[in-house]
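If you read the sequence shown in full-length UniProt numbering, its first letter stands for residue 1, the second for the next number, and so on. Even for Gly, the Cβ is constructed at its ideal location relative to N, Cα and C.
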Amino acid sequence: MLAHHPAPPAHHFTPHLAEVVDAATSQNRLFQRRTSVYQKYHLLENIRKKSWLGPPSETIYGGISFSFENDDKQIGIALAIRDTVYFLDFCEHHFSIEQYEPSEVGEVITQFIIDQLRTYEKDHLEKFFGIALPSLLVEKCPALCSRMWAELDIVPFVLDPHGPQRLEWVNMELWQTKTLDERAESIARKCITYFGPNQAPLLQVGFRGLVDVDAGSTAVLTSLSDYEKTVDERTWRAVMKYAADMKERNVKIAFFSSTPQGGGVALMRHALVRFSHALGTNIKWFVPRPRPGVFRITKNNHNILQGVAAPDQRLTNQHKRDLTDWILANANRYWFGKGGPLEPPEKGGADIIIIDDPQMPGLIPLIKKATPNRPVIYRSHIQIRSDLIDQPGSPQEECWQYFWESIRQADLFISHPVEAFVPSTVPKESVGYLPAATDWLDGLNKSMDDWDVGYYGRVFNGKCREIGMTTIDYPKDEYIVQVARFDPSKGIFDVLKSYAKFHDLVKDAPDVSIPKLLICGHGSVDDPDGALIYDSVIEYLSRDLAHLKSKICVIHIPPSDQILNVVLSKARIALQLSTREGFEVKVSEALHKGKPVIATKAGGIPLQVQHGKNGYLVEVSDTDAVAKHLYDLWTDHELYDRMSAYALQSVSDEVSTVGNILSWLYLASSMSKGDKFSCNDIRTINMRSIPGFYYDAEKKKYFQIQPGHTPQSQCEPKYTNSEINKREKQSQKKRQKVAHHERTRLERVKRTKMLYNPMLGILGVEQETGRCRVLSKDTLSQRAMTCANLMERRELVNLNRRGRQYCHEFARDPKTGIILTALKATSTSNFSAFRPLSSKRPWKYDERVDEGIIELNHCDWVGSVAINTERYALVVSQGLLSGKGTDFAVCKLIEPDEIYGRSSRSVFQNYSVFKRKNASFCSAAAYPGAHSCSFIIGHGNELMVVSSAHGMHSMGRFNVYPADIMAVDWISNSEVIVGLRNSAVALTDWRCAASTTRLVHSHGVKKLKMVGDSKVLVAGFDNTLDMYDLRFTRAAVQRHLDPNSRSHRSSTPYLRFGEINYNTLNDLDVSAELGLAACATDLSTVQLYSLYTGKLLEASATYPSSPRCAGDLLSRNYLNPIDCVRFETVVEPYEYGKSTQISDGRNNTRATTLLVGSSEIIEEWSM
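#1: With a CB to CB cut of under 7 Å and the five nearest residues on each side skipped, what residues in its chain are close to Y631?
#2: Secondary structure at Q111, three-state DSSP: helix, strand or coil?
#3: Exposed or buried, E1164, counting other C-beta atoms within 10 Å across all chains shown (16 or more means buried)?
#4: Identify, in the order they occur along the chain, each residue of the same chain with its Cβ nearer than 8 Å to the Cβ of V308, setting aside the five sequence neighbours on each side.
#5: With DSSP run on the structure shown, which of helix, strand or coil describes M360?
#6: Which residue wins for smallest C-alpha separation from V459, given the options R29, E619, W52 and I1060?
#7: Give every residue of the same chain whose Cβ lies closer than 7 Å to the Cβ of F31, excluding the five residues on either side of it in the sequence, and list them in chain order.
#8: On the three-pair Cβ rule with 8 Å, is the segment 1054-1067 touching the segment 1114-1123?
#9: Within 10 angstroms of its Cβ, does V231 collect 16 or more other Cβ (buried), or is it exposed?
#10: If you count every other CB in all the chains shown that lies within 10 Å of the CB of E809, and 16 or more means buried, which is it?
#11: Please report the Cβ distance between V418 and D357, rounded to the nearest whole angstrom; I am assuming they are in contact, meaning their Cβ atoms lie under 8 Å.
#12: DSSP on F1057, reduced to helix/strand/coil?
#13: DSSP beta-bridge partners for N798?
#14: Run through DSSP, which three-state label would N1066 get?
#15: Using the C-alpha atoms, what's the distance from S923 back to T1093?
#16: Buried or exposed: which applies to Q306, given that a residue is buried once 16 or more other Cβ atoms fall within 10 Å of its Cβ?
#17: Do A784 and L1076 come within 8 Å of each other at the CB atom, strictly closer than that value?
#18: Residue 1169 to R998, Cα distance in whole Å?
#19: Check whether the segment 132-140 and the segment 42-52 touch, using three or more Cβ-Cβ pairs below 8 Å as the test.
#20: Tell me the DSSP secondary structure of M966 in three-state form.
#21: Below 8 Å on the Cβ atoms is my guess for Q805 versus L823; work out the distance and round it to an integer in Å.
#22: Quick one: does the C-beta of E45 sit closer than 7 Å to a heavy atom of the ligand HEM?
#23: Taking just the CA atoms, how far does V597 sit from E182?
#24: Which residue from T1052, L1041, R1046 and T1024 puts its Cα closest to that of F1032?
#25: Please classify G1157 as buried or exposed, where buried requires at least 16 neighbouring CB atoms within 10 angstroms.
#26: Going by Cα to Cα distance, which pick from G603, E584 and I573 is closest to N614?
#27: Nearest-angstrom Cα distance between Y1062 and D1022?
#28: Using 8 Å as the Cβ pair cut-off and three pairs as the minimum, do the segment 583-600 and the segment 547-562 touch?
#29: What number of angstroms, rounded off, separates the C-alpha of G293 from the C-alpha of N330?
#30: Determine the burial state of P288: buried for a count of at least 16 other Cβ atoms within 10 Å of its Cβ, exposed for fewer.
#31: Counting only runs that start and end within the segment 386-423, where is the beta strand (DSSP E) found for 3 or more residues in a row?
#32: With G362 and I327 assumed to form a contact (beta carbons below 8 Å), what rounded beta-carbon distance in angstroms separates them?
#33: By DSSP, does D641 sit in helix, in strand, or in coil?
#34: Which residue from P375, Y455 and N789 puts its Cα closest to that of A671?
#35: Express the C-alpha separation of L1017 and V976 in angstroms, rounding to a whole number.
#36: Taking only runs of the beta strand (DSSP E) that begin and end inside the segment 324-373, which ones reach a length of at least 3 residues, in chain order?
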């Protein structure tokens, strides 16, 4: 059976709720299903290596049910697991909700469900595709659905008990008789009905051609707060303004396009309707019922207008009649009838009509005949060859004249932001420009973890093997990619020719591996050319590039957005060599992932690629230039890193779904009021023309269509930035006042804990009404200074009385008070312990008595001392000078009831000493939870784990790094952060030995410490001290790190610490609770830094003779340099085995102290 490991906490996890989740898990029924380790062994090896080899995981589905119990004092949660055939497993948990605040209930349940799903996937090596759950649970846990989608790549389906997807689809009487787990299994069966045979959610289209996006919004992938994070604050403010106007006046928008699936238009409309539903605006999308032969005609028209059709191909009279009949049949039967979208607005029809592309412009005359005053917008998504249209008698001129008879009746003509895309027959005063858009939160663009990336990579390779195509064996294989439909205008043959020339250039280069080429894309329902072009590409590959066939993969991707996401995310370089193009938002998607793009100067592509900064622009069919740029990017790593970094921050809000809907809402809001546009208004329908939105023309480059085209300098007075900010502040103050009144009216006033500990409030003063203020960095830094000044010192141990010994390293058990010290004498080191005289705080010690000694002979340096939560202790000592190797001493401390008093028994029991022949620098960290894994150790370039159970100890290696490990720390119960001598900081999952470089420091790493759940403080050999945010830091991609090289590039830190004043850094520790970082250096004072500002805290101005100076932590001068510093958090008052309540009814407070070791002295600083 596979080992069960604790689920890693998600970044949304609230630490103070951990005990509640753990308590719920310990007292309820867990999953019981067992997985055969022999059947899964091969897959497990591929997962550990993040490999795309091997078969994909089995797919499973789930259902969640919940109920209130015991007069609403408990909540029961059941999670059922099943495949497409039968029920597999379930778990059930009951939460008592009386012990925590009502606002915390949803967080606890959400985190519990996320952990259970993640753990089940990892333990059984299976992939969840969908989870169904009741809408009442989503109301209780509003973040649950978006976290399932974002963190676990699971599609959540919310079943409304009163809607068409109601839970009691059998009957209510039967539903009431089912137990909680039986209801969950029924919901899981309902979940499966939303998926097709290929595990893709079914596309649903209603009777009138209404596209039910996300199964009629049953699949809830995102929330408004998720969208808000994808754009600038000013963009979001403008969206909310126009959305509010649309909802207040109930303005209805209807989009019409030819197909609900495949192609860029369908992708944009899915994202637009999904976001509209989250906003609450009324936007619907309709498609016609398909008819045999019609899509062949529409595709021919598409090719003719783009100039890629055969010269003799024309739009015939029969084709015109077929198109007209098709449009009339759909319009009369589905759209103009009662309840249809083309009914007059006063009868419930749409207020604004938008027609996409030249498939359906025949609707425009019908709409204008029925409702002449209803605004109609024609949206063109393709590159129309206006130069060929101007040639009399050309196929383009003939085709365009047919469509223009209908399009000319539209109120607006919206094109991609290229002036040449608009034929000269279109009046300039009716033209607007708008780019294509993409959704940063959908399956095409969202971030996915290595588990999900590996799954989709193996699915991709499985499809390749099915047709005998070359596979991509990532991470062994690196590759270049073009993602596009198999269309005559996508330049696929130019891609093959460019790669062949690049291969000839790079094959003779020394020590350079040759990447593979991947050409892939989805198909489209209305694109009959896809199969023809694909077959032509395969024939060309077999005939002319047979010698490169093993290096080239050409494949139709199954209808899965995540597969496209994965192949683009893991590619080295992206290509887009279109010969004709509209806008091709795939370019922006690649840039958003940090991929340099080589693209042609076709259509709207030059508006996205900045030549020489985030990619290269070449002339159409210039394959020699493409090959040269590929060679430069592949061989010049510094060039690649620079372009990749610039690409990440060069994409505008205007190509996001949020930015795109802002333009449509602005148009709909204005046109539904009957506003008339001037020429300048029409030609700048984009975010810089929208009142209230500030446009940064220097950063963004879209819509720069002609010289002199500049953003509007004047806006309506009530929509200026200052007016908007003023109204926002007034509204925010009003909301805060109302919320504060409601809170104090309904809740009883409680005495706050902040009054009892000054480190938790500003000098211990806080209002008792429960109102909490957001503190600025300066305020938090002042609080840290206050805490440092309030600390008083107390001497714990003085080894002067014991002879010539000094303490180089020490650690104290915060529960029992035992101090473990590594004492250095003339020729030997020993591992000694001092126990307190009693359990009462503050602890007092008699340093003349050793309570146990472990001799460490022939060692001249003590590397590390650590104690874990299970009272296991570790000391690492090394013979760096003598060459005697390294000793790792592990022992168990005695039981707590035997610690205090004068027991003659040693505090050590069942100790073992492991020896290694080589003497390398070591760093160790104790496991933060309760598990058989006790310590993680970095020894040389090896990462090792020490496990202890039932008095037995074992040590083993589980990872090797390219450089010496200088520092280690735990991020969570399953993830370790490692600092290397070559300046890399890596993240490692100790359960499967998976490792990745997360950031690069400016020099070799000397010490590091985690600050909270997401930040890390790193000290380098170059006397630098920097803090990084692991959520946003991107590692500089360098194959061979050399911190002494001039070309060494480091990651950008979250915060730089100034005024670094030391030659040697001996130790480092942090207290996130106090906001302090303590450094032990070759100076005789403790160096304290603020974690909020990075500034060194300085002592107050007192006279040297003042008694305050000797008792101030910032002023205290020791006789010797500081050797060791340790922040320690204990619960006060603490007595082992006794109640944690004190007489006056107050809860215990957490007190943070600082232990300082300087030569033979150990002192405690506390408030």
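Here's the rundown:
#1: Hits under 7 Å: F502, L505 and V506.
#2: Helix at Q111.
#3: Flag for E1164 reads buried.
#4: Within its own chain, the residues whose Cβ lies closer than 8 Å to the Cβ of V308, once the five positions on either side in sequence are excluded, are P488, S489, T579 and R580, listed in chain order.
#5: When DSSP states are grouped into helix, strand and coil, M360 belongs to the coil group.
#6: Out of R29, E619, W52 and I1060, W52 has the C-alpha closest to the C-alpha of V459.
#7: Counting only Cβ-Cβ distances below 7 Å, and skipping sequence neighbours, we find D89, C91 and Y120.
#8: Yes: the two stretches touch, three or more of their Cβ pairs being nearer than 8 Å.
#9: Buried.
#10: Buried, because 16 or more other Cβ atoms sit within 10 Å of the Cβ of E809.
#11: No, V418 and D357 are not in contact; Cβ-Cβ is about 16 Å, not under 8 Å.
#12: Under the three-state reduction of DSSP, F1057 is assigned to coil, being neither helix nor strand.
#13: As computed with DSSP, N798 is found in a beta bridge with I1161.
#14: Strand at N1066.
#15: Rounded to whole angstroms, T1093 and S923 show a C-alpha spacing of 28 Å.
#16: Burial check for Q306: the Cβ neighbour count within 10 Å reaches 16 or more, so the residue is buried.
#17: Yes, the pair counts as a contact, with Cβ atoms nearer than the cut-off.
#18: There is simply no residue 1169 to check, as the chain begins at 1 and stops at 1167 in what is shown.
#19: Cβ pair count under 8 Å is below three, so no.
#20: Strand at M966.
#21: Correct: roughly 5 Å between the Cβ atoms.
#22: You won't find the ligand HEM in this model; it holds no ligand whatsoever.
#23: Looking at the two C-alpha atoms, the distance is approximately 52 Å.
#24: Of the candidates T1052, L1041, R1046 and T1024, the one whose C-alpha sits nearest the C-alpha of F1032 is T1052.
#25: It is buried - the Cβ of G1157 has at least 16 other Cβ atoms within 10 Å.
#26: Among G603, E584 and I573, the Cα nearest to that of N614 belongs to I573.
#27: Straight through space, the alpha carbons of D1022 and Y1062 are spaced by roughly 10 Å.
#28: Fewer than three pairs of CB atoms, one per stretch, sit closer than 8 Å, so the segment 583-600 makes no contact with the segment 547-562.
#29: So the alpha carbons of these two residues sit roughly 16 Å apart.
#30: So P288 counts as buried.
#31: Within the segment 386-423, the complete beta strand (DSSP E) segments of 3 residues or longer fall at 412-415, listed in chain order.
#32: Between I327 and G362 the Cβ distance is about 4 Å, and since that is below 8 Å, they are a contact.
#33: Here D641 sits in helix by DSSP.
#34: The sequence shown places Met at residue 671, not Ala. With respect to the C-alpha of M671, the residue from P375, Y455 and N789 having the closest C-alpha is P375.
#35: Between the alpha carbons of V976 and L1017 lies a gap of roughly 14 Å.
#36: The segment 324-373 is shown to contain whole beta strand (DSSP E) runs of 3 or more residues at 352-356, in chain order.
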